[in-house]
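In UniProt numbering, the protein residues as written are 1 to 113.
Quick reminder that beta carbons are idealized off the backbone N, C-alpha and C, glycines included.
Down below is the structure, laid out as C-alpha cells.
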DNA sequence: ATCTAAAGGCGTCAGTGGTT
DNA sequence: AACCACTGACGCCTTTAGAT
C-alpha cells in the first residue's frame, strides 16, 4: 500500500532549498455541506483524489530516481576503481619492460666490447 | 582551536531514447 | 501519447586536509 508509506511531498524552492507541503489546498476547499455547496465539495474531493494520485506518482518517481542515482554513483565508483587498478597494472608492466630493456641494452653493449 | 577551500555524497530536475 | 529507466547537471550539506 503505497499511500501509507509516502511522506509529505517535498518541493524545491527557487533557491534550491527543500520545503514540504501538507494537504493545505484540500483542507481549504472543504466547506460545510449545504445543499448548494454539495456539488462544489464533490468536485473538490474528486480533485483531491487527482492530487492524491499525482502526489503518489510524484513520490514514486522521486523514490525510483533516488535509487537510480544511488546505483549510478555506485557503478561509477566501481568503474573508476577499475580504471585505477588498470592504471596500476599498466604502470607496473611499463616499469618491468623498461627494466628489461635496460638489461638487454647492457647485455648488448657488453657483447659488443 | 578556528577558518576555509576542495572533495565527496545526496536528492532532485530536466532531457533523452526506448517501449508499450 | 504516456510511461519508464538512465544520465548529466545543479545546489545543498558534510567531511577532510591544510593554513593560520
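Rounded straight-line distance, which links the Cα of residue j to that of residue i
i, j, result
"residue 56", "residue 96", "60 Å"
"residue 101", "residue 84", "26 Å"
"residue 91", "residue 109", "27 Å"
"residue 64", "residue 79", "22 Å"
"residue 112", "residue 93", "28 Å"
Cβ-based neighbour list, residue i, same chain, cut-off 7 Å, excluding 5 preceding and 5 following
i, result
"residue 81", "none"
"residue 71", "none"
"residue 103", "none"
Cβ shell of residue i (< 6 Å), same chain only, five flanking positions each side left out
i, result
"residue 87", "none"
"residue 69", "none"
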